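Chemist: In my numbering, the protein residues as written are 2 to 181.
1. Helix, strand or coil: which one does DSSP assign to residue 140?
2. Please report the residue range of the beta strand (DSSP E) in which residue 12 lies.
3. Can you give me the C-alpha to C-alpha distance between residue 147 and residue 156, rounded to a whole angstrom?
4. Does the Cβ of residue 141 have 16 or more other Cβ atoms within 10 Å, making it buried, or fewer, making it exposed?
5. So residue 86 packs on residue 70, CB below 8 Å; how close in whole Å?
6. Whose C-alpha, out of 10, 90 and 45, is nearest the C-alpha of residue 23?
7. DSSP three-state call for residue 29: helix, strand or coil?
8. Spatial neighbours of residue 78 within its chain, please: C-beta separation below 8 Å, excluding the five flanking residues on both sides.
9. Pick helix, strand or coil for residue 22, following the three-state DSSP scheme.
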């Protein structure tokens, strides 16, 4: 991947080169050999299609759980964490209903985000207590540690959930990539 001059903004393929935009920059790479049709129809991508379908289902399962979280805890990384948890359970062979019930219990009922009757099918943006936020924090921290991520990043993500962006954090701490 090479970066073009900053004044050139172009996306597309010319010959064997593919130009694309990323974070306001125009980048170029060699053209790949995989086509959409090949991924959708070829037997060699059957496993890829299977896992993509399970990830899509995991996203649909995670959505109502995410919406039931307190508004101040909602962020892209939180949704991705719940989706990843759902996908892991689906990959282990659980049904979508079992996964939904398991995650609803884990993220909503066990954390006591709402002391009232909780229905996973209805949207209810409720307030949360300090105890429920502490339980949620522990859940997400445990998942963060299992993924072997930096604890300093978690502290920042939990403190400012909506403004946390892992790509920006890496660039600010190591702007030239010397630490890798």
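Note that CB positions come from ideal geometry on N, CA and C, so glycine has one too.
Model, not experiment: these values are computed from the prediction.
Modeler: In short, the structure shows the following:
1. Note: residue 140 maps to helix in three-state DSSP.
2. Under the DSSP assignment, residue 12 falls outside any beta strand (DSSP E); it carries neither an H nor an E label.
3. Annotation: residue 147 to residue 156 spans about 15 Å, alpha carbon to alpha carbon.
4. Residue 141 is buried by the Cβ-count criterion.
5. Between residue 70 and residue 86 the Cβ distance is about 13 Å, and since that is not below 8 Å, they are no contact.
6. The shortest C-alpha to C-alpha distance from residue 23 to any of 10, 90 and 45 is the one to 10.
7. Note: residue 29 maps to strand in three-state DSSP.
8. Apart from the 5 residues on each side of it in sequence, residue 78 sits with its Cβ closer than 8 Å to the Cβ of 158, 162, 165 and 167 in its chain, given in chain order.
9. Strand at residue 22.
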